[in-house]
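With this note's numbering applied, the sequence shown covers -11 to 356.
Note that the Cβ used here is the ideal one computed from N, Cα and C, for glycine as well.
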Amino acid sequence: MLDDFALEELIEPLQTWFAGNARVLPWRENPNPYYVWISEIMLQQTRVEAVKPYFERFIAELPDVKALAACPEDKLLKLWEGLGYYNRVRNLNIAAKQIVTEYDCVMPDRYEELLKLKGIGHYTAGAIASIAFGQPVPAVDGNVLRVISRVTADDSDIMKQSVRSHMEECLRELMGTYAEQGVLKPSVFNQALMELGAMVCLPNGQPHCKECPWQTLCIARRENRIAELPVKTKAKERRIEHRTVFVIRDGERVILGKRPKKGLLAGLYEFPNVVGNLSQKEALGYLKKQGYSPIRILPLPEAKHIFSHVEWHMIGYLVTVSELDAAEVPDEVKKQQFMVEVEDAVNNYAIPTAFSRYAAYMNIPLGK
């Protein structure tokens, strides 16, 4: 169990292992506070390999806090397009404005001050404070919860906030004591914990125990309990929602809509869609009621997108209409939808990953 384990025994083998096994990542080359912050927010719910090109493009466009604070929302969302969980980038923008106005464009270097910024919780504050500023504070994410639970054979439910808080307290005490002695390097220690969970002590399948610097210390391995740990309460089953998506074009233009400011995919652009899987005949009737005059309607492949609490199971139609300008669209529909040049839509409008299967049909030559 965590309280009975001598955590100080983990420090030396872990830091030595990291020195020889750390991945080369663009945000590690220059771990300034801004780079660490952006990378940590991007890495939430997203794989490292997927984040790399996004990080490099984001930094090239918005190289510092001031540029991020001044960035228009549409451009910001376009830079984030494909990463999902768009509230993350909206919070980045809000926090950047806080830093500009309250901290004179300089990222605060104290853990407690970092927690005051929008979208920064205990983990992210700990990551920035330790990696960028060398503060002996923990950064406990899913990887850290897993590796510490296994090495100590702690069977507490990691979904409970009390368990996470207790682990943070234990690691904070460890880091404070041994950083002061010069044994523990906060930046190295925290990154090594994350790396161990990402590369060796894997969440699913068989962990690479023979490559682990803790293989002789790990109680779960000794007791053959790795598959049991960590203990994690099963998440509530997701609700299934069926939808029909329409890619409506008249040649070089396409119809888009903007989602409400609150709720799922808030404020993002989307293709017209309705709840339910409509047959081709039903889809044609729906489009005519919307005021469109379809020349051709072609079925598109099925698609599925998983959100935290709901799954969208989608079918789609590529709809060619004569002239969007001449469409007799009711006023209530016009308030929700607008037409835009295809090239402009591709380059400037952030369409969520949920619709990525259908976004490819915006700019294919019609008739093919």
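Between the stretch 33 to 43 and the stretch 10 to 22 there are three or more C-beta pairs closer than 8 Å, enough to call the two in contact. The beta-carbon distance between V242 and A333, rounded to whole angstroms, is 5 Å. This is short enough to meet the 8 Å contact definition.
Classified as exposed, G122 has fewer than 16 neighbouring CB atoms from the shown chains inside 10 Å of its CB. By the neighbour-count definition (other C-beta atoms within 10 Å, threshold 16), P124 is a buried residue. Rounded to the nearest angstrom, the Cβ distance from Q325 to G245 is 5 Å, consistent with a contact under 8 Å.
Per the coordinates, the alpha-carbon of R345 lies some 8 Å from the alpha-carbon of P289. Annotated three-state conformation of Q149 is helix, per DSSP.
Its chain contains F295 and V298 as the residues whose beta carbon lies nearer than 8 Å to that of L252, once the 5 sequence neighbours on both sides are disregarded; these appear in chain order. Here A223 is exposed, its C-beta having fewer than 16 other C-beta atoms within 10 Å. For A113 and W25, the gap between their C-alpha atoms comes out near 9 Å. Rounded to whole angstroms, the Cβ separation of G264 and H230 is 6 Å, and the two are in contact under 8 Å.
Secondary structure note for W300: its beta strand (DSSP E) is the uninterrupted segment V298 to V309.
In this structure, DSSP gives Q268 a helical state, which the three-state scheme calls helix. Here the stretch 52 to 67 does not lie against the stretch 101 to 108, with fewer than 3 beta-carbon pairs under 8 Å apart. The C-alpha of I285 is placed about 54 Å away from the C-alpha of V94. DSSP lists no beta-bridge partner residue for M95. Beyond the five residues adjoining it in sequence on each side, C158 comes within less than 7 Å, by CB distance, of L(-10) and L(-5) in the same chain, given in chain order. The beta carbon of M147 sits closer than 7 Å to the beta carbons of K220 and T221 from its chain, once the five residues preceding and following it are set aside; these are given in chain order.
Under the criterion of beta carbons closer than 8 Å, I29 and G107 qualify as touching, at roughly 7 Å.
Pairing Q169 with N178, the inter-Cα distance amounts to about 17 Å. Residue environment analysis places G185 among the buried positions, since at least 16 neighbouring C-beta atoms fall within 10 angstroms of its C-beta.
With 16 or more other Cβ atoms from the protein chains shown falling within 10 Å of its own Cβ, G304 counts as buried. Nearest to N336 by alpha-carbon distance, out of P60, P1 and L2, is P60. For the 8 Å CB-CB criterion, S175 and I119 form a contact. N261 has V233 as its beta-bridge partners, per DSSP.
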